[in-house]
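The block underneath contains the structure these notes are about, expressed in structure tokens.
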DNA sequence: CATTTCAATTGCAAAACGCAAGCAAATAAG
DNA sequence: CTTATTTGCTTGCGTTTTGCAATTGAAATG
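Chains as they are written, first to last, in this note's numbering: chain A, 91 to 228; chain B, 91 to 228.
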């Protein structure tokens, strides 16, 4: 009884709980579109994420099923973060957000070719970006 | 000189600055999809936003050009918040986020007919939702 | 003119954040 | 074999943001 808080949740509400903070989408962007996979690489985003925040976000993202934490066999110090299909399926969301930002913020710059392809053949672009991310992590 | 911080910003980064927090998208959802327009209506969202947070978010949203604060002529106490085109153009983002949440969270419920239409004729649905929101605020 | 409604503001404790320093395990260098 | 370096974090601590409750002021209502 009384699991009313868990039922009939609004989709926006769930999404906000998963990536509705200042940093999770930045990390996802770097993993999905910039091809980063290691902790040290994620530390170098120009937005300047703090090391403790990055660590806590990666833990939460793993708990939320967005990434899988794995060790490199040939160097056991190194960790890499693999994207799940749940995370890769956020590519359309990232692209829609990008489309909006490019329109309404004059300072925003996205690769023009990317945005042009998104207008012309969005489905193919999404598939290509997801496939590229999948290949990178094998 | 030295406005390098403002130039060539990443689109994800800009979007996060505008609506990358726990509450702004909730407020936008209520204004855009639930037809709310008054402060007291926005207070009743089931997520339970605190009154000081709502006030600060509405101020920031006005500063960011998402809403316009207006007084009701027939009752000067009352305020209503009108959505700008910049805000209405986030309808596709909200729908993409909803599509994702419905797939990956078993507890999430969205109007099934809405999601079905989004699959079948996304452009028409977007236009209809934006038009409905525009009509409401006149 | 007293009460209620509306849209907030204020005060305060708790949580989250940002920065710098520190740390253990593994590898590389001497 | 010993020391240094790299990697992926954790810890401490001061600052900022949040959440909650109480309060306010202007305007409408009884």
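Ideal Cβ positions, reconstructed from N, Cα and C, are used throughout, including at glycine.
Which whole-angstrom value describes the C-beta separation of residue 215 of chain A and residue 207 of chain A, a residue pair presumed to lie in contact below a C-beta threshold of 8 Å? Confirmed, about 5 Å.
From residue 156 of chain B to residue 162 of chain A, what does the alpha carbon distance come to, in whole angstroms? About 46 Å.
Hey, residue 230 of chain A and residue 158 of chain B: beta-carbon distance below 8 Å or not? For chain A, the structure presents residues 91 to 228; residue 230 of chain A sits outside this window and is missing.
Under 7 Å, CB to CB, which of the residues in the region 160 to 189 of chain A have a partner in chain B? Result list: 176, 179, 180, 182, 183, 184, 186, 187, 188.
Please report the distance separating the alpha-carbon of residue 220 of chain B from that of residue 211 of chain B. Residue 220 of chain B and residue 211 of chain B: Cα-Cα distance of roughly 14 Å.
Pick helix, strand or coil for residue 208 of chain B, following the three-state DSSP scheme. Of the three classes helix, strand and coil, the one that applies to residue 208 of chain B here is helix, per DSSP.
How about residue 212 of chain B: is its C-beta nearer than 8 Å to some C-beta of chain A? Contact of residue 212 of chain B with chain A is not assigned, every C-beta pair being separated by 8 Å or more.
From the DSSP output, read off the bridge partner residues of residue 198 of chain A. Beta-bridge partners of residue 198 of chain A (DSSP): B:99.
Can you give me the start and stop residues for the beta strand (DSSP E) that residue 173 of chain A sits inside? Where residue 173 of chain A is concerned, the enclosing beta strand (DSSP E) stretches over 165 to 173.
Would residue 185 of chain A and residue 121 of chain A qualify as a contact pair, given that the criterion is a beta-carbon distance under 8 Å? Contact: no.
Could you give the first and the last residue of the continuous beta strand (DSSP E) run that contains residue 139 of chain A? Here residue 139 of chain A belongs to no beta strand (DSSP E), and DSSP marks it neither H nor E.
Please look up how many angstroms separate the CB atoms of residue 179 of chain A and residue 193 of chain B, rounded, as I've assumed it's under 8 Å. Rounded, the Cβ-Cβ distance is 7 Å, consistent with contact.
To the nearest angstrom, how far is it from the Cα of residue 95 of chain A to the Cα of residue 199 of chain B? Residue placement at residue 95 of chain A is poorly supported in this model, since its pLDDT is 45, which falls under 50; the coordinates are not used for a value here.
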